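Student:
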(Lines of atoms letter the chains of each structure in order from A and count residues from 1; the text may use other names and numbers.)
(Lines give C-alpha, C1' and ligand atoms only; values in the text may rest on other atoms or scores of the structure.)
Protein backbone atom coordinates (compact mmCIF):
# COMPACT_ATOMS: atom_id res chain seq x y z
CA UNK A 1 0.00 0.00 0.00
CA UNK A 2 1.47 3.36 -1.01
CA UNK A 3 0.63 6.56 0.83
CA UNK A 4 0.48 9.42 -1.67
CA UNK A 5 1.13 13.10 -1.03
CA UNK A 6 -1.55 15.16 -2.74
CA UNK A 7 0.57 18.28 -3.24
CA UNK A 8 3.63 16.55 -4.72
CA UNK A 9 1.61 13.78 -6.43
CA UNK A 10 4.15 11.15 -5.53
CA UNK A 11 4.41 8.31 -3.05
CA UNK A 12 5.39 9.43 0.45
CA UNK A 13 5.89 5.94 1.85
CA UNK A 14 5.18 2.27 1.28
CA UNK A 15 3.19 0.23 3.79
CA UNK A 16 4.41 -3.32 3.12
CA UNK A 17 2.70 -6.27 4.75
CA UNK A 18 0.43 -8.17 2.37
CA UNK A 19 1.96 -11.08 0.47
CA UNK A 20 -0.28 -10.47 -2.55
CA UNK A 21 -2.49 -7.75 -4.03
CA UNK A 22 -4.56 -5.35 -1.92
CA UNK A 23 -8.23 -5.13 -2.94
CA UNK A 24 -9.78 -2.72 -0.43
CA UNK A 25 -9.01 -0.02 2.13
CA UNK A 26 -10.96 1.54 4.99
CA UNK A 27 -9.87 4.49 7.13
CA UNK A 28 -10.83 4.16 10.82
CA UNK A 29 -9.56 7.09 12.90
CA UNK A 30 -5.75 6.92 12.80
CA UNK A 31 -5.81 3.36 11.46
CA UNK A 32 -5.94 2.11 7.90
CA UNK A 33 -7.53 -1.30 7.38
CA UNK A 34 -6.60 -3.23 4.23
CA UNK A 35 -7.92 -6.45 2.75
CA UNK A 36 -6.11 -8.52 0.18
CA UNK A 37 -5.69 -11.54 -2.02
CA UNK A 38 -3.69 -13.20 0.79
CA UNK A 39 -7.05 -13.68 2.63
CA UNK A 40 -5.96 -11.29 5.40
CA UNK A 41 -7.19 -8.04 6.91
CA UNK A 42 -4.36 -5.83 8.15
CA UNK A 43 -4.74 -2.95 10.60
CA UNK A 44 -2.09 -0.26 10.04
CA UNK A 45 -1.01 2.45 12.46
CA UNK A 46 -0.78 5.52 10.24
CA UNK A 47 1.55 7.33 12.63
CA UNK A 48 4.21 4.59 12.70
CA UNK A 49 3.41 2.97 9.34
CA UNK A 50 3.52 -0.45 11.01
CA UNK A 51 0.96 -3.26 11.04
CA UNK A 52 -0.72 -3.29 14.46
CA UNK A 53 -2.78 -6.40 13.83
CA UNK A 54 -3.32 -9.13 11.24
CA UNK A 55 -6.83 -10.59 11.20
CA UNK A 56 -7.45 -14.08 9.85
CA UNK A 57 -10.79 -15.68 9.09
CA UNK A 58 -11.38 -15.61 5.34
CA UNK A 59 -10.38 -18.45 3.02
CA UNK A 60 -10.27 -16.34 -0.17
CA UNK A 61 -9.56 -12.74 -1.22
CA UNK A 62 -10.97 -9.99 1.01
CA UNK A 63 -13.00 -7.84 -1.38
CA UNK A 64 -14.51 -5.06 0.74
CA UNK A 65 -14.29 -3.32 4.12
CA UNK A 66 -16.78 -0.93 5.73
CA UNK A 67 -17.15 0.70 9.15
CA UNK A 68 -20.60 0.36 10.67
CA UNK A 69 -22.42 -0.51 13.84
CA UNK A 70 -23.16 -3.99 15.06
CA UNK A 71 -25.27 -5.28 17.96
CA UNK A 72 -22.14 -5.19 20.15
CA UNK A 73 -20.94 -1.72 19.08
CA UNK A 74 -18.87 -0.15 16.28
CA UNK A 75 -17.17 -2.61 13.96
CA UNK A 76 -15.45 -3.14 10.63
CA UNK A 77 -17.24 -5.56 8.34
CA UNK A 78 -15.26 -7.49 5.72
CA UNK A 79 -16.56 -9.51 2.80
CA UNK A 80 -14.66 -12.09 0.82
CA UNK A 81 -14.67 -14.09 -2.39
CA UNK A 82 -15.23 -17.08 -0.08
CA UNK A 83 -18.85 -15.78 0.19
CA UNK A 84 -18.58 -14.87 3.88
CA UNK A 85 -18.90 -11.65 5.85
CA UNK A 86 -16.90 -11.18 9.05
CA UNK A 87 -17.48 -8.57 11.74
CA UNK A 88 -14.40 -7.23 13.57
CA UNK A 89 -15.06 -5.31 16.80
CA UNK A 90 -13.31 -1.97 17.14
CA UNK A 91 -11.35 -1.53 20.35
CA UNK A 92 -12.38 1.41 22.50
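Residue numbers (the numbering used here): 170 to 261.
Even glycine gets a Cβ: it sits at the ideal position worked out from N, Cα and C.
It should be emphasised that the depicted structure is a prediction, and the values quoted were computed from it without experimental measurement.
Once you ignore the five residues that flank residue 189 on each side, which residues in its own chain have a CB closer than 7 Å to its CB?
Tutor: 205, 206 and 207
Student: In chain order, what residues of the same chain lie with their CB nearer than 6 Å to the CB of residue 233, ignoring the 5 residues before and after it?
Tutor: Within the same chain, residue 233 has close Cβ partners 193 and 248.
Student: Which same chain residues end up closer than 8 Å to residue 200 when comparing Cβ atoms and leaving out the 5 residues on each side of it in sequence?
Tutor: 212, 213, 214, 215 and 221
Student: Assuming residue 197 contacts residue 259 under a Cβ cut-off of 8 Å, what Cβ separation, rounded to an integer in Å, is found between them?
Tutor: 7 Å
Student: Please classify residue 203 as buried or exposed, where buried requires at least 16 neighbouring CB atoms within 10 angstroms.
Tutor: buried
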